[in-house]
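Numbered according to numbering that gives the first Met the number 0, the sequence shown spans residues 0 to 76.
Positions of the beta carbon are idealized from the N, C-alpha and C atoms, including for glycine.
The structure appears right after this line, and notes come after that.
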Amino acid sequence: MNRCHAGHLNGKYYQGGKYTEAEAGQYGYDNGIIWATWHNRWYSMKETTMKIIPINHMVAGGGQQTGIKQFGGLGDI
Numbered sequence: 000m001n002r003c004h005a006g007h008l009n010g011k012y013y014q015g016g017k018y019t020e021a022e023a024g025q026y027g028y029d030n031g032i033i034w035a036t037w038h039n040r041w042y043s044m045k046e047t048t049m050k051i052i053p054i055n056h057m058v059a060g061g062g063q064q065t066g067i068k069q070f071g072g073l074g075d076i
């Protein structure tokens, strides 16, 4: 994986999904629509959708449960 990302949702779609370093252009970076932990960096997804969970559906332990998020750590909203 290049040092910039493990997921690239604004990349290029390659017909059939699979592509090679040579097809990626002069620098050979994984420039497809990738999510490296799901497939790998040389598989370009056809489309992606980003979904946002309302804050009132989140809890401190993570997951999508009914409840209130417990605030208090660094980086909390």
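- Short of 7 angstroms from the beta carbon of W41, and not among the five residues preceding or following it, lie these beta carbons of its own chain, in chain order: K17, Y18, T19, D29.
- At a Cβ-Cβ threshold of 8 angstroms, I32 and G15 do not count as neighbours.
- For the pair K50 and G27, the Cα-to-Cα distance works out to about 30 angstroms.
- The beta carbon of Y13 is closer than 6 angstroms to those of G31, S43 in its chain, skipping five residues each way along the sequence.
- Excluding residues up to 5 positions away in sequence, N30 lie with their Cβ nearer than 6 angstroms to the Cβ of A23 in the same chain.
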